[in-house]
Amino acid sequence: MSAVLTELGIAFGRVAFVMFFVLNMGGLLTWVERKQSAIMQDRIGANRASIFGLRLWGLFHPLADAIKMLTKEDFLPARADRVLFTLAPFVSVFFALAAFATIPFGDVLRIGDREIPLQAVTLNVGVLYVFAMLSLGVYGVMMAGWASANNYALLGGQRAAALMISAEVAIGASIMGVIMVYGSLNMQEIVRGQGWLLLGWIPAWGIVLQPVAFVLFLTAGIAATKRIPFDLPEGESEIIGYFVEYSGMKFGMFMMADFVETVVIAGMATALFLGGWQVPYLVADGIHFPWGTVIPLSHLAVVLLQVGAFVLKVSVMCWFLMLIRWTLPRFRYDQAMRLGWLGLFPLSILNLVATGLVLVALRG
Amino acid sequence: MRSRRLSMHQRFYLVEVLVGLGVTAAHFFANLARHTARYVFGRRDVHGAVTIQYPEERRPYSPRLRSLHRLVRREDGSPRCVACMMCETVCPAHCIYIVAAEHPNPDVEKYPARFDIDLGKCVFCGYCVEACPEDAIRMDTGILEFSSYSRAGMIYTKEILLALEPAGPDGVPRSPVPIPADRHP
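Sequences listed follow chains A and B, in order.
Every position in the first sequence, counted from 1, becomes a number in the working numbering once 288 is added.
Every position in the second sequence, counted from 1, becomes a number in the working numbering once 230 is added.
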């Protein structure tokens, strides 16, 4: 009985960590977006919300947003499909959150003789799972557009779905190169494979072995999150998008889904291209520098370093995605589609062919 | 109009994207360092932003700025206005309303029994100031904040206009901001 409870507790803990991490990152990104854009543009940014005169550089703004969105009128168009209209934002958020489940945030944590893999779900086909969850987000968008009983929303939903599909095909094709190099669909195995050293000192991270795939993946990833420069499904004020009829927290959930997807893309880029939880030269018993110096570390310190490295890498990726979002102008619809189908997709296939040729040449 | 031909690396897009990201990232890090110096290490002289935090910080206005009107008094405290109706006549927005009355002093022919300006209509053209032969109306209070929740609250009477002071040499208003009757403080 207690064994079952322990198992349940561990499983719950793993899922709780991932949920805590993703939701908090998503919430914080609303603050980061405001402050980072402000600092990039020589402004100060959100700093008005205060509790007892304490402003903390606008950190209370996400809280104020939540209160505002929960207390706003929950509007439902007269001819809308009640069930689908209510379900659509939940579908969007659910699949965005579920996508993070197989991204490993650390190696194995050993407590006594028990080995706990630091990953919400251990799955042999983790990469395919993330890809499937990201793709299913399209349904939320389509449902929102259809159920609004508004032709503009319907067209917006179609536009968003077309863009997301064109991007996700490119994501899938660009990841294939990484899968070929590391020979596994298991995210944990891919991250472990990135712990090798090339020529004795270069970490064999995905970005080193598959630089083209990294650029393609990042571009397609931004398009899949529907953010600038690919935010043509949205643009709240200037383009009428699929959530034109949504108000209050339902609208907030669509925005949240975007931020969570940003975290997921950052997490995937980290796991597949930036070495995941790998710290260069850190192995199970300490840091082994290539010139021979060894710093021994306890198991717990190693695990904490790895989890810390993962969080840091995801944060840096989120920062970079924000930097892109506040630098580039928006693509026109036909340009984005052309980029997806005639740019990213063929280039990913070319990258795949080149990777295959190199692998055959190396392995005989 | 013929569009300018783009060079090869511009058409490739990615290089230019990286250059652009470099520009914005440079701004980010430079301003981040300045903000850190200002808010963490208390260096008040360092500015990380070009914006002004409006209610707390105010931009100095030009002395030529046309702000809220005021009526000027004579040495003895009575209004300089002689109710000649020049300003009311010249006003393109018809926002000035004057009721003239006989003045007890035989040297002064008339005085305004009422002098209302409807700021909801006023276009701040300054014609009333130009037209006045007695220099009785000026637009130098430096006050720009006089919103109201109703049209009635935008009508400023003679008493309010006489109570206003000119702005200081730095352009900062010296009279308190007049609160229209219906505004909730």
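All residues carry an ideal CB built from backbone N, CA and C; glycine is no exception.
If you're wondering where the values come from, they're calculated on a predicted model, not measured in any experiment.
Query: As assigned by DSSP and simplified to three states, the class of Tyr357 of chain B; Result: helix
Query: Unbroken stretches of the alpha helix (DSSP H), 4 residues or longer, contained in the region 233-309 of chain B; Result: 238-242, 244-269
Query: Contacts of Gln324 of chain A in chain B (Cβ-Cβ under 8 Å); Result: Phe258
Query: DSSP three-state assignment for Leu488 of chain A, whether helix, strand or coil; Result: Note on identity: in this sequence residue 488 of chain A is Gly, with Leu being the wrong assignment. Reduced to three states, the DSSP call for Gly488 of chain A is coil.
Query: Residue-chain proximity (Leu640 of chain A, chain B), Cβ-Cβ < 7 Å; Result: no
Query: Limits of the unbroken alpha helix (DSSP H) element including Asp546 of chain A; Result: 536-561
Query: Buried/exposed call for Pro634 of chain A, threshold 16 Cβ in 10 Å; Result: exposed
Query: Contact set for Pro415 of chain B: own chain, Cβ-Cβ below 6 Å, skip 5 residues either direction; Result: Summary for Pro415 of chain B: the model assigns pLDDT 45, below 50, so the residue's position carries little reliability, and this model does not support an answer.
Query: Rounded distance between the beta-carbons of Gly465 of chain A and Thr643 of chain A, thought under 8 Å; Result: 4 Å
Query: Nearest-angstrom beta carbon gap, Ala343 of chain B and Ala331 of chain B [assumed within contact, 8 Å]; Result: 4 Å
Query: Buried versus exposed call for Arg289 of chain B [16 or more other C-beta atoms within 10 Å across all chains shown]; Result: exposed
Query: 7 Å Cβ cutoff, Leu611 of chain A in contact with chain B; Result: yes
Query: Minimum length 4: unbroken alpha helix (DSSP H) runs contained in the region 369-422 of chain A; Result: 370-386
Query: Min CB distance Asp519 of chain A to chain B below 7 Å; Result: no
Query: Whole-angstrom distance between Val249 of chain B and Ser237 of chain B, CA atom to CA atom; Result: 15 Å
Query: Within-7 Å CB hit, Asp330 of chain A to chain B; Result: yes
Query: Three-state secondary structure assigned by DSSP to Gly574 of chain A; Result: strand
Query: Supposed close pair Phe561 of chain A, Phe502 of chain A - CB separation, criterion 8 Å; Result: 5 Å
Query: Selected residue, minimal CA-CA separation from Val245 of chain B, among A:Leu640, A:Leu616, A:Tyr569; Result: A:Leu616
Query: Buried versus exposed call for Val371 of chain A [16 or more other C-beta atoms within 10 Å across all chains shown]; Result: exposed
Query: CB contact check: Leu262 of chain B to chain A, cutoff 7 Å; Result: yes
Query: Candidates A:Leu416, A:Ala458, A:Val469: closest to Leu650 of chain A by CA position; Result: A:Val469
Query: Beta-carbon proximity list for Lys538 of chain A, same chain, < 6 Å, skipping 5 on both sides; Result: Pro377
Query: Beta-carbon spacing of Gly444 of chain A, Met430 of chain A below 7 Å; Result: no
Query: Own chain residues within Cβ distance below 8 Å of Lys388 of chain B, not counting five before or after; Result: Leu301, Pro309, Pro342, Arg344, Phe345, Asp346
Query: Cβ neighbours of Phe348 of chain A in the same chain (closer than 7 Å, five flanking residues each side left out); Result: Ala337, Ser338, Ile339
Query: Contact under 7 Å by Cβ, Ala432 of chain A with Phe531 of chain A; Result: yes
Query: Through-space distance from Val276 of chain B to Arg626 of chain A, alpha-carbon basis; Result: 46 Å
Query: Residue from B:Ala313, B:Val280, B:Glu375 with nearest C-alpha to Asp365 of chain B; Result: B:Ala313
Query: Whole-angstrom distance between Ala589 of chain A and Val409 of chain A, CA atom to CA atom; Result: 23 Å
Query: C-beta atoms of Pro517 of chain A and Arg447 of chain A nearer than 7 Å; Result: no
Query: Rounded C-alpha distance that separates Gly529 of chain A from Ser380 of chain A; Result: 15 Å
Query: Proximal residues of chain A, C-beta to C-beta of Ala267 of chain B below 7 Å; Result: Within 7 Å Cβ-Cβ: nothing; Ala267 of chain B doesn't reach chain A, min ~13 Å.
Query: Assumed close pair Ala557 of chain A, Leu506 of chain A - CB separation to whole angstroms, cut-off 8 Å; Result: 6 Å
Query: Alpha-carbon to alpha-carbon, Gln623 of chain A and Val247 of chain B; Result: 16 Å
Query: Beta strand (DSSP E) segments (min. 3 residues) lying fully within the region 492-530 of chain A; Result: none
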